[in-house]
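Numbering (my numbering), first residue to last: 9 to 263.
Virtual Cβ for every residue (Gly too), placed ideally from N, Cα, C.
A quick note: this is a predicted structure, and the numbers were derived from the prediction, not measured.
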């Protein structure tokens with residue numbers, strides 16, 4: 009199949025176009041302010057109050073990363089079409105991890121927006137996630153997209169439900185890669201990344217992920233031929249305390 013005909017790529021392209029049409033003409037709040045010593049110039053701030061002007065990558069990054077807008081939702085709506093395309097292209101520049109982009113969505117409280125605004129955002133996130141699982145040329149690793157989507161929504165459940173429906177070999181490979189990337193932190197009873205949005209229930213989210221890994225993912229890792237050591241590390245998530253770190257297959261992690 010030619011890459012241009014890839015169904016996930018078509019779905020994502022449509023979702024990006026929908027964001028552009030939905031948020032066309034949006035601006036930051038007229039009274040929005042940020043420190044010109046630390047954030048940027050008055051001229052740059054004025055661009056956020058001007059609709060549909062393409063921002064330089066550095067300005068775009070500063071806009072979504074800033075945590076001190078008094079109306080973050082308005083700033084997010086202003087930059088969202090360009091921000092989403094940068095995310096998909098792997099051109100967002102977080103300081104630590106892509107979960108920071110998800111935190112920017114969460115700060116905007118997009119799930120509380122009217123349906124005509126929240127719906128296109130939801131469709132974009134699900135389309136981006138599906139593309140990361142099924143497109144061999146996806147620019148961003150699937151586990152980074154999952155972190156962004158979970159941080160944005162405050163839950164793993166919708167994204168793991170999507171993953172269960174993606175049963176191809178590439179999606180299986182992405183599961184192996186994600187388990188390998190995250191098993192160290194999970195075996196230390198931590199989230200795979202530092203949760204940024206203070207309202208997120210970190211313990212509940214981790215429990216959602218571990219339950220899924222011990223159930224659906226365990227079967228899938230075995231059936232897809234994932235490395236035996238990795239399968240054992242996921243199995244150890246079902247043990248606690250001394251039973252976990254005295255297990256013969258404990259990998260020797262130190263925390």
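Non-local beta-carbon contacts of residue 160 in its own chain, meaning distances under 7 Å to residues more than five positions away in sequence, involve 110, 113, 114, 133 in chain order. For residue 69, the enclosing alpha helix (DSSP H) starts and ends at 65-73. Under the DSSP assignment, residue 59 falls outside any alpha helix (DSSP H); it carries neither an H nor an E label. Residue burial is scored here from C-beta neighbours: residue 261 has fewer than 16 other C-beta atoms within 10 angstroms and is therefore classed as exposed. Assignment of residue 248 by DSSP, reduced to helix, strand and coil, places it in the coil class. When DSSP states are grouped into helix, strand and coil, residue 163 belongs to the coil group. Setting aside the 5 residues that flank it on each side, residue 138 is surrounded in the same chain by 16, each with a C-beta closer than 6 Å to its C-beta; the list follows chain order.
Taking all protein chains in view, the Cβ of residue 80 is crowded by 16 or more other Cβ atoms within 10 Å, so the residue is classified as buried. Taking C-beta atoms under 8 Å as the contact rule, residue 238 and residue 195 fail to qualify, at a distance of about 12 Å. By the Cβ-count criterion, residue 144 is exposed, with fewer than 16 other Cβ atoms from all chains shown falling within 10 Å of its own Cβ. Taking 7 Å as the cut-off, the Cβ atoms of residue 174 and residue 222 do not count as close. With a 10 Å radius around the Cβ and a threshold of 16 neighbouring Cβ atoms, residue 59 comes out exposed. Taking C-alpha positions only, residue 240 is separated from residue 263 by approximately 19 Å.
When Cβ pairs closer than 8 Å are counted between the two stretches, the segment 174-186 is seen to touch the segment 147-162, the count reaching three or more. Residue state for residue 258 is assigned as coil, using DSSP reduced to three classes. Bounds of any alpha helix (DSSP H) do not take in residue 263, whose DSSP letter is neither H nor E. Cβ neighbours of residue 246 within its own chain (closer than 7 Å, five residues either side excluded): 222.
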